[in-house]
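Below: one structure, written as structure tokens.
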Amino acid sequence: MQGKIAVEEHFAIGATAAKSVRFPQHPYWSGIEGKLIDLFDRRLAEMDASGIGCAVLSLNANGIQEVPEAAKAVALAREANDALAAAVAKRPDRFAALAALPMQDPQAAAAELQRCVRDFNFKGALVNGFSQVGTADSAVYYDLPQYRPFWAEVERLGVPFYLHPRYSLPSRRQRYEGHPWLTGSPWDFAEETAIHSLRLMGCGLFDEYPKLQIVIGHLGERIPFDLWRLDHRLSKLPGRPAKRTMAEYFRQNFHITTSGNFCTQSLIHAILTVGADRVLFAVDYPFEDHAEASTWFDAAEIAEHDRIKIGRDNARALFGLD
Ligand code: GRE
Ligand code: ZN
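Residue numbers for the sequence shown follow the working numbering, so the first one is 121 and each next one is one higher.
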């Protein structure tokens with residue numbers, strides 16, 4: 121399929137690039153930094169070769185979220201967003217942008233999103249999970265009451281909020297003890313992002329702001345597979361603030377992307393769970409390969425009209441792309 125839009129595509133600035141290199145000696149990881157920094161050469165050539173017309177760009181993880189000092193987080197987010205705005209201005213035909221946000225300071229995060237949408241025509245925000253706030257060993261989630269005014273502003277602006285995975289804190293990983301290979305992208309990323317999504321659903325946020333739209337990657341961070349059981353078991357338990365079922369929130373307030381999960385069975389399950397209007401194509405470059413994602417997606421056994429929606433039209437509508 122030509123003219124695809126890919127919506128979870130990462131770049132880095134000097135201050136964040138090296139943070140994504142987990143094993144510097146490993147051939148896969150040693151190439152990541154250069155690919156994150158490059159926006160126009162290799163990236164555009166690979167997009168051309170894979171039928172990707174437009175990449176919606178976002179800062180690499182953990183990005184701003186791992187900067188405990190709020191003032192530093194605010195300054196770094198500004199720097200990253202200014203750099204991204206300058207890059208997109210060079211190729212507005214090929215790129216769109218999601219803002220990095222200093223969630224350590226909810227008011228500053230709302231102001232930065234407002235600035236990016238108003239001054240740079242950014243299409244929304246991408247935030248890398250919980251924020252470390254004040255001290256490195258802290259994890260603050262956005263279902264907490266101090267974020268309600270932030271969410272009010274997101275709804276008012278009418279832009280989507282992409283909740284992206286991040287590395288969990290070593291002090292909060294007891295269940296992975298002795299098995300470090302399970303941390304990060306193979307398993308923990310989805311677990312972390314799923315829990316954060318469920319916290320947002322269960323806290324009543326979408327009762328207060330029913331128009332909010334959250335985007336999650338990796339074909340739903342495992343939520344679709346367990347959604348029925350989640351509501352089934354919750355129906356027998358008291359004590360959840362939200363008014364409706366988790367499935368209702370998931371179908372009305374979430375979109376799912378194919379980033380880094382090129383499995384046709386899971387794609388079909390995602391379509392059956394939220395509908396073809398809420399599934400979007402993404403690669404997750406440079407952690408994933410443009411060609412591998414596109415070869416899979418272009419031939420996946422789904423209806424052609426769904427391929428056009430998922431590959432392009434849903435992203436156009438959700439992010440307001442021309
Ligand atoms: C990411 O998307 O941020 C990411 C990583 C590390 C491995 C895989 C991955 O940071 O998708
Ligand atoms: Zn990603």
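Glycine is no exception: its CB is placed at the ideal position from the N, C-alpha and C atoms.
6 Å Cβ shell around residue i - same chain, five flanking residues per side excluded
i    : result
V127 : V176, T377, L400, A402 and A435
N381 : H338 and L339
Contacting residues, own chain, Cβ-Cβ under 7 Å from residue i (five flanking each side not counted)
i    : result
R427 : M121
E312 : G249, P285, R286 and S288
L347 : M366, A367, F370 and T393
I430 : A396, V399, L400 and F401
A197 : I184, A220, L221, P222 and E232
G254 : P188
L302 : Y296 and D308
F270 : P226, A229 and A230
Pair within 8 Å by beta-carbon distance, residue i and residue j
i    : j    : result
P406 : H130 : yes
S140 : H410 : no
A205 : A217 : yes
Y329 : A245 : no
C174 : L441 : yes
Residue i - containing alpha helix (DSSP H), residue span
i    : result
L196 : A190 to K210
S178 : It is not in any alpha helix (DSSP H) - S178 instead sits in the beta strand (DSSP E) that spans I172 to L179.
T393 : T384 to V394
F309 : D308 to G322
Rounded separation between residue i and residue j - CA only
i    : j    : result
V279 : H316 : 19 Å
T384 : A228 : 40 Å
A191 : R360 : 34 Å
Q294 : D308 : 12 Å
F326 : E199 : 31 Å
V335 : D351 : 21 Å
L357 : E424 : 42 Å
R276 : H299 : 43 Å
beta-carbon residue i near the ligand ZN non-hydrogen atom, thresh 7 Å
i    : result
H130 : yes
F407 : yes
G304 : no
H284 : yes
S140 : no
G340 : no
S379 : yes
Terminal residues of the beta strand (DSSP E) in which residue i lies
i    : result
A220 : No beta strand (DSSP E) holds A220; DSSP gives it neither H nor E.
F250 : It is not in any beta strand (DSSP E) - F250 carries neither H nor E in the DSSP assignment.
A126 : K124 to F131
Residue i beta carbon near the ligand GRE (any heavy atom closer than 7 Å)
i    : result
N241 : no
D308 : no
A228 : no
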